[in-house]
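Q: This is the structure I want to talk about, given as structure tokens.
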Amino acid sequence: MAELETTVMDRRDAENPTPKTPKRETRRFIALRRFFRHRLALIGTIILIIMVLASIIAPLLDPQSPWTQHLTDTLAGPSAAHPLGTDDLGRDVLARLLYGGRISFVVGFGSMLISTTIGTLFGAISGFLGGAWDHLMMRFVDLMLSFPAIFLLLVVLNLLGGQASVALMVMYLGIFGWGGLARIVRAQVLSVKELDFIVASRMGGARPWRILARHVLPNIMAPVWVSTAFAMGGSMLAEASLDFLGFGLSPSIPSWGNMLDDAQNYIGSNPMMILIPGITITIAVVAINFVGDGLRDALDPQSSVGMQRIG
């Protein structure tokens, strides 16, 4: 009888198996899934990967040197030797475009790291301390945002002989580009530091800097990552603009901005000289902005819903 009951119970268990408890998805996994479901962000990521890889393996894609001048073959059209033609000095346009990507991405990424680090730390400390320190630090941010940084760059360039190096451009764009992020981080810290678990940590005797590092900063990184993506695109545009105006890198350095500067006298006779770097810069910056939009929707979906309602 007992064996019969056991057999019946086993049969019931086989027919109605106990449902498995679903695995709990981590916040990181959920954010990644949202990001890769964002089509424009995925397209932007693929474009950036292709552009960065093309810049890295530039010698394999085009064996021509971006500095070699062919004075007997200037302003030439596309050919087997020069797929995108040559510029006014006979330099290979494709080679300069590929090597220029190295400069633009290094400047954009390097200045983004500097501005993000300074802006995050400055804004977090200001919002966490509060009171007079917060007021004083925010007035310094206002001063930085209103300071005519271009004049300081001109003074430095005059002292250095009129041309900037890649390192100087990275430092310049990074040091003068963190004010907006500092304000964003400060606002986030002011709202986060009054949460119950942070107040409990403070009442429990935890050190302020430990609370800031372990509890506050991890909970405000979503807008920081989004701002970081947009800052990189802004830095690349700023570098190209300064090069075009003659206040940036040395003309001998193959950068997209210098290519635009070289092409401005040949817009009518050879429009491809200015269209090629111009379209490349546009594609790179738009791809970065797509990634930024994807990060915003993945890390802070409520903000994207709010923006859709407003729109």
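Heads up, the sequence shown is in UniProt numbering, so the first residue is 1 and it goes up one at a time.
Yeah, the Cβ is synthetic: ideal placement off N, Cα and C, and Gly gets one too.
Tell me whether Val195 sits in a helix, a strand or coil according to DSSP, three-state version.
A: It should be pointed out that residue 195 corresponds to Leu in this sequence rather than to Val. Coil at Leu195, not helix or strand.
Q: Anyone know if the C-beta pair for Met112 and Ala287 falls short of 8 Å?
A: The answer is no: Cβ separation not under 8 Å.
Q: Just how far apart, CA to CA, sit Arg129 and Asp196?
A: Note on residue identity: the sequence assigns Leu, not Arg, to residue 129. Rounded to whole angstroms, Leu129 to Asp196 spans 18 Å at the Cα level.
Q: Taking DSSP as the reference, what is the three-state secondary structure of Leu71?
A: coil
Q: Taking the DSSP output, what are the residues bridged to Leu168?
A: Paired residues: none, contrary to the question.
Q: When the distance is taken between beta carbons, is Arg34 closer than 8 Å to Asp293?
A: no
Q: So which of Ala182, Val52, Arg202 has the shortest CA-CA distance to Val107?
A: Val52
Q: Assuming Phe244 contacts Ile43 under a Cβ cut-off of 8 Å, what Cβ separation, rounded to an integer in Å, is found between them?
A: That belief does not hold up - the Cβ atoms of Phe244 and Ile43 are roughly 27 Å apart, past 8 Å.
Q: Counting Cβ pairs, one atom from each stretch, are 3 or more of them under 8 Å apart for the segment 184-199 and the segment 78-85?
A: They do not touch, by the three-pair rule.
Q: Should the segment 60-70 be regarded as contacting the segment 82-98, the criterion being three or more beta carbon pairs within less than 8 Å?
A: The segment 60-70 is in contact with the segment 82-98.
Q: In chain order, what residues of the same chain lie with their CB nearer than 7 Å to the CB of His70, ignoring the 5 residues before and after it?
A: Thr86, Gly90
Q: Among Pro208, Ser227, Leu275, which residue has its Cα nearest to the Cα of Gly119?
A: Among Pro208, Ser227, Leu275, the Cα nearest to that of Gly119 belongs to Ser227.
Q: Note down, in chain order, each residue of its chain lying with its Cβ closer than 7 Å to the Cβ of Asp73, except the 5 sequence neighbours on either side.
A: Thr86, Gly90
Q: Assign Thr86 to one of three DSSP states: helix, strand, or coil.
A: strand
Q: Among Pro271, Leu145, Met171, which has the Cα closest to the Cα of Leu153?
A: When each option's Cα is compared against that of Leu153, the closest is Met171.
Q: Check whether the Cβ atoms of Gly123 and Arg186 sit closer than 8 Å, and answer yes or no.
A: yes
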